[in-house]
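Numbering (this note's numbering), first residue to last: 8 to 243.
All C-beta atoms, glycine included, are put in the ideal place defined by N, C-alpha and C.
Please read these numbers as outputs of a predicted model, since none were measured by experiment.
Next up, the structure:
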């Protein structure tokens, strides 16, 4: 199991400000490169050329080649995240993820859960300045269509896995977990990290329950402070 470090340094929030604050993301979400000139058979590329008759017709994936990466970010932008700097802290983390994805050439997908229904902002494309403009304008309001977002994310990931079987997917969920109820949920089809953004004086703690239901790695966003060791993102 490879280990990746996710280290973010938040700042102190004041009031209901929803500006994003910078943090520090160390190590990123990529896996280690594999050495060697030859690798496993790339069946998708091989079969696109017809049924192979000889070994020389097999297409191999170079061991030094990094697998394509997709990072799906699901952000809870419901009205409850407007208070206590919750959304501001989350936006700082998301900005770091966007910058890291750009540097590492990972593809991004962004799903916003706020208002009446979940809304896709980005689906499997490279990072660009357009994402930062959206993030700057992102505000909180309305209900919490988080379960709708989770269902959409799960279905979309499965379809993409069928189309891109070699792609390595990661899911980051940022939510305060302030939900009326917690229905039965199935784990999503890729490694998942849930960052709890609940920062009210009296906390319900439902984000942790949500992470347990999804079998996701859990951390509270306030724990990602200077001097705290990098959090691990485990990959197959």
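Around the CB of residue 228, 16 or more other CB atoms lie within 10 Å, so the residue is classed as buried. Under the three-state reduction of DSSP, residue 224 is assigned to strand. Buried is the label assigned to residue 183, since at least 16 other Cβ atoms lie within 10 Å of its Cβ. Excluding sequence positions up to five before and after residue 165, its CB lies within less than 6 Å of the CB of 196, all in the same chain and listed in chain order.
In the DSSP assignment, the residues bridged to residue 124 are 121. With at least 16 other beta carbons inside 10 angstroms of its own, residue 99 counts as buried. For residue 174, the secondary structure class from DSSP, reduced to helix, strand or coil, is coil. The alpha-carbon separation between residue 142 and residue 119 amounts to approximately 11 Å. Taking residue 66 as the centre and dropping the five residues before and after it, the same chain places the C-beta of 49, 52, 53 closer than 6 Å to its C-beta, in chain order. Counting along the chain, residue 202 sits inside the beta strand (DSSP E) bounded by residues 199-203.
A contact between stretches requires three or more CB pairs, one per stretch, nearer than 8 Å, and the region 188-207 fails this requirement with the region 123-143. Using a Cβ-Cβ distance cut-off of 8 Å, the region 109-116 and the region 209-220 are not in contact, since fewer than three pairs of beta carbons, one from each stretch, lie closer than that value. By the beta-carbon neighbour count (other beta carbons within 10 angstroms, threshold 16), residue 230 is exposed. The continuous alpha helix (DSSP H) containing residue 104 extends over residues 93-111. Around the C-beta of residue 185, 16 or more other C-beta atoms lie within 10 Å, and the residue is accordingly described as buried. Classified as buried, residue 157 has 16 or more neighbouring CB atoms from the shown chains inside 10 Å of its CB. Residue 203 counts as buried, since no fewer than 16 other beta carbons sit within 10 angstroms of its beta carbon.
Annotated three-state conformation of residue 214 is helix, per DSSP. Excluding five sequence positions before and after residue 155, the CB atoms of its chain that fall closer than 8 Å to its own CB belong to 120, 124, 125, given in chain order. Comparing C-alpha distances from residue 193 to each of 62, 219, 200, 170 shows the shortest one belongs to 219. Between the alpha carbons of residue 178 and residue 63 lies a distance of about 38 Å.
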